[in-house]
């Protein structure tokens, strides 16, 4: 499937292990607009199955960025959009009872 070749994603746990998040949060990506890559940070206050996906403006899933059980913590992924077309995309995070969508813009 072509989705696997669209982007590369790296996941990293932030260094501040003493800071336990109090809420589920999907932060706005930075930079936004971006070219070719952007950082997406999120926090989870309790262990949960985390799903983060990238959708195009038609609502079609372009890529699954995170799909795993994760412990409490602050996380960061890097979205590399080298093989994506310029345009508006949506990042959707589901974890526990939390669900949110953020708009991101790729400008080449």
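Numbering (our numbering), first residue to last: 677 to 784. For glycine and all other residues, C-beta sits at the position ideal for the given N, C-alpha and C.
Tell me the residue span of the beta strand (DSSP E) that contains residue i.
| i | result |
| --- | --- |
| residue 725 | 724–732 |
| residue 760 | First-last for residue 760: undefined, no H or E at that position. |
| residue 740 | 737–746 |
| residue 713 | 713–720 |
| residue 778 | 774–782 |
So, residue i versus residue j, is the Cβ gap smaller than 9 Å?
| i | j | result |
| --- | --- | --- |
| residue 755 | residue 734 | no |
| residue 725 | residue 744 | yes |
| residue 766 | residue 784 | no |
| residue 851 | residue 776 | Residue 851 lies beyond the range of the chain shown here (677 to 784); nothing can be said about it. |
What's the gap between the Cα of residue i and the Cα of residue j?
| i | j | result |
| --- | --- | --- |
| residue 708 | residue 782 | 8 Å |
| residue 705 | residue 780 | 7 Å |
| residue 717 | residue 750 | 7 Å |
| residue 758 | residue 752 | 19 Å |
| residue 722 | residue 762 | 35 Å |
| residue 672 | residue 769 | With the chain represented from 677 up to 784, any question about residue 672 goes unanswered, as that position is not in the structure. |
| residue 748 | residue 739 | 24 Å |
| residue 695 | residue 746 | 16 Å |
| residue 719 | residue 711 | 24 Å |
Residues in the same chain with beta-carbon distance under 6 Å from residue i, minus the five sequence neighbours each way, listed in chain order, please.
| i | result |
| --- | --- |
| residue 774 | 700 |
| residue 727 | 743, 770 |
| residue 737 | 729, 731 |
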